[in-house]
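Numbering (this note's numbering), first residue to last: 33 to 323.
For each residue, glycine too, the CB sits at the ideal point set by N, CA and C.
Below: one structure, written as structure tokens.
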């Protein structure tokens, strides 16, 4: 039965500028830093663009995985250790006699280890009902210990011509890492249209309510941590291409920096809100400041 004179309640979406103001602000800060960088650099050429693009790429990739976990209301403190471990694996497996085969094997092992490490984190958090901060801190120490076993000191073999495929300039103009960044953005936009994306956001917004609506919260958290581990492995592979060496301590800075990039990009550590587009800007702001 309708009530005379009653008007239906319409929920209006916030204006685009209000929803994305934080992201636009971070990109504005990044552009200002670029202007300062250009003024300070004696010669701002394509090589400087390559340096900027490469320096922020590892953190941006790590931030992608961290962002997915943060959206569920969790946190991953094993990110840096996983980057150091996978960086050590790729460089250690490398061999001068069979560079391509061993490099492919090293990358495959690194990605497998990354996904497996994230899966273990997810199992302990989602099904063991343990706190993410405790679980990932503990597994991070374990991963770092394994990295030290794999490579006790910096070294290893990485073919420069293969590393340049990811880190050099395309036609001496465009940083190749920019293509990788574009691919990640496309993947993110495609992911945001999936059911998994909605379940991750629902889990971070209100896990109890999400469970009542049919979302498998435990499985969603498991997938989120697995994605984070895999993203850390990809970041470790790119770092190997960038440095052309392996170092078990190479990922130390990326744990806290990935969290900082996520927060700078507009994500809430409480979960349910965030965007990888903002995380990219946060990552490049942090790396530009440090350089």
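Between residue 142 and residue 118, the CB-CB gap stays under 8 Å. Spatial neighbours of residue 165 in its own chain (CB-CB distance under 8 Å, excluding positions within 5 residues in sequence) are listed in chain order as 107, 109.
Here residue 55 is actually not in contact with residue 234; their C-beta atoms are around 22 Å apart, not less than 8 Å. Under the 10 Å beta carbon count, residue 197 is surrounded by fewer than 16 other beta carbons and is classified as exposed. Using a C-beta cut-off of 8 Å, the segment 145–162 makes contact with the segment 258–266, since at least three inter-stretch Cβ pairs fall below that distance. When C-beta atoms of the segment 126–140 are compared with those of the segment 70–85, fewer than three pairs fall below 8 Å, so the two segments do not count as touching. For residue 59, the three-state secondary structure derived from DSSP is helix.
In the structure shown, the three-state DSSP call for residue 207 is strand. Less than 8 Å divides the Cβ of residue 104 from the Cβ of residue 252.
Relative to the Cα of residue 269, the nearest Cα in the group 78, 191, 177 belongs to 191. Within a 10 Å sphere around the beta-carbon of residue 297 sit 16 or more other beta-carbons, which makes this residue buried. Under the rule that a run must span 4 or more residues, the alpha helix (DSSP H) segments found entirely inside the segment 124–211 read 131–154, 164–182, 192–199. When DSSP states are grouped into helix, strand and coil, residue 261 belongs to the helix group. Excluding sequence positions up to five before and after residue 274, its CB lies within less than 6 Å of the CB of 86, 199, all in the same chain and listed in chain order.
A distance below 8 Å separates the beta carbons of residue 278 and residue 122. Counting the other Cβ atoms within 10 Å of the Cβ of residue 282 gives 16 or more, which makes it buried. Buried is the label assigned to residue 287, since at least 16 other Cβ atoms lie within 10 Å of its Cβ.
A straight line joining the alpha-carbon of residue 238 with that of residue 232 spans about 10 Å.
In the DSSP assignment, the residues bridged to residue 278 are 187. Under the three-state reduction of DSSP, residue 283 is assigned to coil, being neither helix nor strand.
For residue 75, no alpha helix (DSSP H) encloses it, and the DSSP letter there is neither H nor E. By a beta-carbon distance limit of 8 Å, residue 126 contacts residue 188. Their separation comes to about 6 Å. In the DSSP assignment, residue 309 falls within the unbroken alpha helix (DSSP H) covering 308–322. In the structure shown, the three-state DSSP call for residue 246 is coil.
Check the Cα spacing between residue 218 and each of 62, 96, 194, 63: the tightest is with 96. The alpha-carbon separation between residue 91 and residue 62 amounts to approximately 15 Å. Each residue's CA atom was taken as its position, placing residue 146 and residue 245 some 31 Å apart.
Contact annotation: residue 280 and residue 116 have beta-carbon atoms nearer than 8 Å.
Here the C-alpha atom of residue 267 lies approximately 17 Å from the C-alpha atom of residue 137.
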